[in-house]
Amino acid sequence: MTFTCRTPAEPDVLVDNDKVKVTRWNFADGAETGWHRHGWDYVVVPLADGKLVAELPGGTSSEAVLTAHVPYFRSEGVEHNIINASGKPYAFIEIEIKP
Numbered sequence: 020m021t022f023t024c025r026t027p028a029e030p031d032v033l034v035d036n037d038k039v040k041v042t043r044w045n046f047a048d049g050a051e052t053g054w055h056r057h058g059w060d061y062v063v064v065p066l067a068d069g070k071l072v073a074e075l076p077g078g079t080s081s082e083a084v085l086t087a088h089v090p091y092f093r094s095e096g097v098e099h100n101i102i103n104a105s106g107k108p109y110a111f112i113e114i115e116i117k118p
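Convert by adding 19 to the 1-based position in the sequence shown; the result is the number in the working numbering.
Okay, here's the thing in structure tokens:
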């Protein structure tokens, strides 16, 4: 098994109330979120065009090419580590929808 040490992405919580949690995730080139499991449904709004890699359970990964301001939705339960593969700093807004 190979161990990789990456810079952590920096979360900036913008709103956190009983309905939603809104976080701006700021990534240096190559930075990662760290492994986590989403406890709520969520929407991601990319702030720029870019590329992210999602490391998934079981050792697999997937690559996503994102377009600025084109959101996507995911259901609760997603488990992954997100890595900025854009070759430059990158950021997105994550809106978690609380039950």
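Built from N, CA and C at the ideal position, the CB exists for glycine as well.
Please read these numbers as outputs of a predicted model, since none were measured by experiment.
Bounding residues of the beta strand (DSSP E) (the contiguous stretch that carries residue i)
i, result
"residue 42", "39-46"
"residue 77", "Segment: none, residue 77 is in no beta strand (DSSP E) and carries neither H nor E."
"residue 113", "109-116"
"residue 29", "29-35"
"residue 93", "91-93"
Exposed unless 16 or more other CB atoms sit within 10 angstroms - verdict on residue i
i, result
"residue 58", "exposed"
"residue 75", "exposed"
"residue 46", "buried"
Option nearest residue i by Cα separation, candidates the options
i, options, result
"residue 26", "51, 77, 67, 94", "51"
"residue 88", "114, 38, 71, 63", "63"
"residue 55", "112, 33, 95, 36", "95"
"residue 118", "76, 39, 73, 30", "39"
"residue 110", "31, 74, 92", "31"
C-beta atoms of residue i and residue j nearer than 9 Å
i, j, result
"residue 71", "residue 105", "yes"
"residue 61", "residue 98", "no"
"residue 113", "residue 41", "yes"
"residue 100", "residue 69", "no"
"residue 48", "residue 108", "yes"
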